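Visitor: A single structure is presented below for examination.
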Amino acid sequence: MDDQPPSLLDVRDLTVEFVIERGGARRIIRAVDGVSLHITPGETVGLVGESGSGKSVTARSIIRLVPPPGRIVSGSIVFEGRDLARLDEGDLRHVRGARIGVVFQEPMTALNPVFTIGDQIAEALIVHRVARGAAARARAVELLDAVRMPDPSRRAGDYPHQLSGGMRQRALIAAAVACQPSLLIADEPTTALDATIQAEILDLLGSMRDRFGLSLLLITHDLGVVARLADRVAVMYAGRVIEEGSMRDVLAAPRHPYTRGLLASLPGTTPGSRLQAIPGTGPDLAALPPGCAFAPRCRDRFDACDARGPDAITVAPGHSARCVLYGGIS
Amino acid sequence: MACVDVRELVKTFTRRPAPWSRGAVVRAVDGVSFTIAEGETFGLVGESGSGKTTTGRCMLRLIEPTSGSFALRGEEVFGLPPARLRALRRDMQMVFQDPDSSLNPRMRAGAIVEEGLIVHGLGTRSERRDRVLQLFSLVGLDAGQRDRYPHEFSGGQRQRIGLARALALSPCFLIADEPVSALDVSIQAQIINMLMDLQQQLRLTLLVVAHDLRLVRHICPRVAVMYRGRIVEMGSTDAIFRDPAHPYTRALLSAMPDPDPEAHRRRIIFDPAGVDLAAPLREVEPGHLAAL
Numbered sequence: 001m002d003d004q005p006p007s008l009l010d011v012r013d014l015t016v017e018f019v020i021e022r023g024g025a026r027r028i029i030r031a032v033d034g035v036s037l038h039i040t041p042g043e044t045v046g047l048v049g050e051s052g053s054g055k056s057v058t059a060r061s062i063i064r065l066v067p068p069p070g071r072i073v074s075g076s077i078v079f080e081g082r083d084l085a086r087l088d089e090g091d092l093r094h095v096r097g098a099r100i101g102v103v104f105q106e107p108m109t110a111l112n113p114v115f116t117i118g119d120q121i122a123e124a125l126i127v128h129r130v131a132r133g134a135a136a137r138a139r140a141v142e143l144l145d146a147v148r149m150p151d152p153s154r155r156a157g158d159y160p161h162q163l164s165g166g167m168r169q170r171a172l173i174a175a176a177v178a179c180q181p182s183l184l185i186a187d188e189p190t191t192a193l194d195a196t197i198q199a200e201i202l203d204l205l206g207s208m209r210d211r212f213g214l215s216l217l218l219i220t221h222d223l224g225v226v227a228r229l230a231d232r233v234a235v236m237y238a239g240r241v242i243e244e245g246s247m248r249d250v251l252a253a254p255r256h257p258y259t260r261g262l263l264a265s266l267p268g269t270t271p272g273s274r275l276q277a278i279p280g281t282g283p284d285l286a287a288l289p290p291g292c293a294f295a296p297r298c299r300d301r302f303d304a305c306d307a308r309g310p311d312a313i314t315v316a317p318g319h320s321a322r323c324v325l326y327g328g329i330s
Numbered sequence: 331m332a333c334v335d336v337r338e339l340v341k342t343f344t345r346r347p348a349p350w351s352r353g354a355v356v357r358a359v360d361g362v363s364f365t366i367a368e369g370e371t372f373g374l375v376g377e378s379g380s381g382k383t384t385t386g387r388c389m390l391r392l393i394e395p396t397s398g399s400f401a402l403r404g405e406e407v408f409g410l411p412p413a414r415l416r417a418l419r420r421d422m423q424m425v426f427q428d429p430d431s432s433l434n435p436r437m438r439a440g441a442i443v444e445e446g447l448i449v450h451g452l453g454t455r456s457e458r459r460d461r462v463l464q465l466f467s468l469v470g471l472d473a474g475q476r477d478r479y480p481h482e483f484s485g486g487q488r489q490r491i492g493l494a495r496a497l498a499l500s501p502c503f504l505i506a507d508e509p510v511s512a513l514d515v516s517i518q519a520q521i522i523n524m525l526m527d528l529q530q531q532l533r534l535t536l537l538v539v540a541h542d543l544r545l546v547r548h549i550c551p552r553v554a555v556m557y558r559g560r561i562v563e564m565g566s567t568d569a570i571f572r573d574p575a576h577p578y579t580r581a582l583l584s585a586m587p588d589p590d591p592e593a594h595r596r597r598i599i600f601d602p603a604g605v606d607l608a609a610p611l612r613e614v615e616p617g618h619l620a621a622l
């Protein structure tokens with residue numbers, strides 16, 4: 001599309017498959033199925049989905065860290081003018097951690113338990129040749145101060161187990177932004193945290209974005225997190241983006257029956273009332289129906305839904321939904 | 331008479347960083363008192379370390395309380411000798427947060443639900459079989475699935491198995507500890523609806539332990555907010571959400587994730603130094619207590 005602002009990241013038709021051998025039978029599971037996603041400089045995009053939606057695999061594919069036996073089958077991942085899908089491992093290392101910072105859900109496993117957090121942040125600077133020696137150490141303390149770590153110069157000498165969950169997440173964010181990347185990928189950055197700490201970390205991510213001029217790709221299952229931080233939202237189900245638009249459009253006027261169902265199922269304004277649950281269970285990626293993957297659980301399902309996977313239909317400027325309710329039946 | 335009457339519950343743990351150090355006493359639950367009326371749903375909310383889960387576990391004596399009392403329908407639970415406690419466990423049961431770790435992976439679903447009946451020597455083999463079938467239908471599971479193992483079920487279905495197990499002995503009092511927090515959002519509403527239905531249908535007295543304020547607001551007419559082992563605010567959920575009195579409650583409510591894009595989002599930060607954490611609960615309006 002021509003009228004889009006220049007992209008920092010432009011993912012097109014990304015498909016990721018996992019080959020599973022079970023009892024001698026080989027099965028191919030398509031975890032990500034033709035996902036396109038773009039992020040402009042300074043923008044925050046929320047990638048929302050439940051378990052099995054493919055949101056985390058998409059995020060890991062962007063930095064080419066798909067866990068084996070997964071592999072990128074097709075698609076392009078153009079970031080700052082280069083296709084990461086085709087970059088060799090040596091060049092990737094200059095992108096990962098340097099141009100793209102990453103914050104994962106479990107700060108305890110993402111941090112190395114036998115090094116102090118100051119050393120780990122300094123290591124990022126040294127590896128990417130941003131600073132070295134005493135300068136790297138001093139910069140690490142500055143970064144800890146920037147993420148509002150209390151008493152940063154003392155905390156730099158702490159090991160991960162000496163920190164609370166919220167402080168660990170702050171340390172990870174400091175390491176992720178150390179080399180001043182242009183894109184920060186945060187995969188469920190607050191899921192393991194208490195509500196009050198979660199709100200602090202989200203505010204921190206927002207202020208890091210503004211201060212360093214970062215773009216933010218925020219992976220989450222929580223629509224409340226999206227509402228707090230995102231400019232645009234892409235909702236995933238069974239490996240595909242089924243709705244995309246501005247945060248306000250998607251949350252205030254959702255079009256896809258799945259997005260509508262998710263919002264309607266949340267406990268809301270009338271205590272004690274029956275919730276509008278989405279029936280059934282999450283999709284089985286190894287046995288998806290031929291048509292729309294959400295059709296078996298959908299209230300608005302009709303015969304056309306089972307015929308073939310629906311295309312993404314533009315329902316309003318900058319707002320699309322992958323549902324035959326909005327056309328696309330040939 | 332209240333169905334559940336907890337008074338001055340205290341649970342301390344000794345934290346010993348190394349075997350030779352003297353250790354520090356941590357008061358995980360520090361003088362908690364509340365009552366729940368017969369057939370009422372009561373919520374206990376708090377963040378990690380608030381003592382909410384420890385309170386629930388002490389009540390069922392899954393861990394031994396340090397001091398305090400808990401009367402279930404007038405019968406004191408904490409002083410009971412083991413044999414009598416075992417009998418009383420029929421009346422109080424728990425649904426756990428994580429259906430992955432709370433169901434024995436080597437037992438079939440039907441056997442998991444039936445186990446309590448066997449332990450308590452209830453019914454003949456065919457009576458127990460009928461009861462299991464009845465429980466499966468009560469929680470919306472297909473009776474044909476009872477020979478399957480837990481891993482063959484989805485997360486939501488496993489939570490249904492946990493609920494069927496808890497209900498097998500027809501308890502009058504059920505503790506649901508974070509009953510939906512391990513589940514996908516689209517599945518949570520199914521389990522919340524079922525919990526509300528069963529509470530009505532079986533006239534259960536229900537204690538919901540949760541960090542999710544939206545869940546608690548939806549299903550609990552009355553709630554207590556815990557912070558560092560103490561109840562800092564207690565009263566009708568409506569009053570507390572409308573007009574929170576304690577600074578911690580205010581901070582907690584302001585941090586509540588809200589998917590409404592137009593929601594007012596001014597985050598209130600709680601400063602523990604600014605309040606007397608030892609203050610006793612006092613009435614701020616009828617039926618609404620705060621530790622101020």
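Chains as they are written, first to last, in my numbering: chain A, 1 to 330; chain B, 331 to 622.
Backbone N, C-alpha and C define an ideal beta-carbon position, used for all residues, glycine too.
Treat the numbers as computed from the prediction; the structure is a model and nothing was measured.
Excluding five sequence neighbours on each side, which residues of the same chain lie with their C-beta closer than 7 Å to the C-beta of V57 of chain A?
Guide: Once the five neighbours on either side are set aside, the close Cβ partners of V57 of chain A are V16, A31, V32, V66, G70.
Visitor: May I ask you to list, following chain order, the residues of the stretch 251-264 of chain A that have a beta carbon less than 9 Å from some beta carbon of chain B?
Guide: L251, A252, Y258, G261, L262, L263, A264
Visitor: With DSSP run on the structure shown, which of helix, strand or coil describes D420 of chain B?
Guide: In the sequence as presented, Asp is not what sits at residue 420 of chain B; that position holds Arg. If DSSP states are grouped into helix, strand and coil, R420 of chain B belongs with the helices.
Visitor: In whole angstroms, what is the alpha-carbon distance linking A286 of chain A and I28 of chain A?
Guide: Taking the straight line from one Cα to the other gives about 7 Å.
Visitor: Output the boundary residues of the alpha helix (DSSP H) element that contains A494 of chain B.
Guide: 485-497
Visitor: Could you name the residues of chain A that F600 of chain B contacts, counting a contact when the two beta carbons are closer than 8 Å?
Guide: T196
Visitor: Using DSSP with H/G/I as helix, E/B as strand and the rest coil, what is Y159 of chain A?
Guide: coil
Visitor: Could you tell me the distance, in whole angstroms, from the CA atom of R137 of chain A to the CA atom of C179 of chain A?
Guide: 13 Å
Visitor: Looking only at C-alpha atoms, which of A:H256, A:L266, A:G272, A:S273 sits nearest to C292 of chain A?
Guide: Taking only the C-alpha atoms, the option nearest C292 of chain A is A:H256.
Visitor: Per DSSP, what kind of secondary structure is F400 of chain B in: helix, strand or coil?
Guide: strand
Visitor: So, for V356 of chain B: in the same chain, excluding its five sequence neighbours on each side, which residues have a beta-carbon less than 7 Å away from its beta-carbon?
Guide: T342, F343, R345
Visitor: Got a sec: is the Cβ-Cβ distance from R168 of chain A to anything in chain B below 8 Å?
Guide: Using a CB distance cut-off of 8 Å, R168 of chain A does not count as an interface residue toward chain B.
Visitor: State yes or no: is the C-beta of P160 of chain A within less than 8 Å of the C-beta of P189 of chain A?
Guide: Contact: no.
Visitor: Taking C-alpha atoms, which residue in B:R461, B:G376, B:L390 lies nearest to F426 of chain B?
Guide: B:L390
Visitor: Scan the stretch 451-488 of chain B and note each continuous alpha helix (DSSP H) run of 4 residues or more that stays entirely inside, going in chain order.
Guide: Those alpha helix (DSSP H) runs which fall completely within the stretch 451-488 of chain B and span 4+ residues are 455-468.
Visitor: Using a Cβ cut-off of 7 Å, pull out every chain B residue sitting near M236 of chain A, in sequence order please.
Guide: The contacting residues do not exist; M236 of chain A stays about 13 Å from chain B at best.
Visitor: For the stretch 199-265 of chain A, which segments carrying the alpha helix (DSSP H) assignment without a break, of at least 4 residues, lie completely within its bounds, in sequence order?
Guide: 223-229, 247-252, 257-265
Visitor: What is the C-beta distance between A195 of chain A and A585 of chain B, in whole angstroms, given that I count them as a contact (C-beta under 8 Å)?
Guide: 4 Å
Visitor: Give me the Cα-Cα distance between Y578 of chain B and A401 of chain B, rounded to the nearest whole angstrom.
Guide: Using only the alpha carbons, I get a separation of about 29 Å.
Visitor: Helix or strand or just coil, what does DSSP make of L532 of chain B?
Guide: helix
Visitor: From A:D210, A:A156, A:F302, A:V11, pick the residue whose C-alpha is nearest to that of D83 of chain A; which is it?
Guide: With distances taken between Cα atoms, D83 of chain A lies closest to A:V11.
Visitor: Does the stretch 492-511 of chain B come within contact of the stretch 415-426 of chain B, defined as at least 3 CB pairs closer than 8 Å?
Guide: At 8 Å Cβ cutoff, the stretches touch.
Visitor: For the alpha helix (DSSP H) containing T314 of chain A, name the first residue and the last one.
Guide: Here T314 of chain A belongs to no alpha helix (DSSP H); instead the beta strand (DSSP E) covers 313-316.
Visitor: For G318 of chain A, which residues from the same chain have a beta carbon less than 7 Å from its beta carbon, with the 5 sequence-adjacent residues on both sides left out?
Guide: For G318 of chain A, where only same-chain residues beyond five positions count, the Cβ hits under 7 Å are G245, S246.
Visitor: I'd like to confirm something about A608 of chain B: is its beta-carbon nearer than 7 Å to some heavy atom of the ligand COA, or not?
Guide: Within the structure as shown, the ligand COA is missing, as the structure has no ligands at all.
Visitor: Comparing the C-beta of A609 of chain B with each C-beta of chain A, is any distance below 8 Å?
Guide: no
Visitor: Using beta carbons (cut-off 8 Å, strictly below), is L447 of chain B in contact with chain A?
Guide: Judged by the 8 Å Cβ criterion, L447 of chain B is not in contact with chain A.
Visitor: In the DSSP assignment, what are the bridge partners of I100 of chain A?
Guide: I100 of chain A pairs with A:R96, A:L183.
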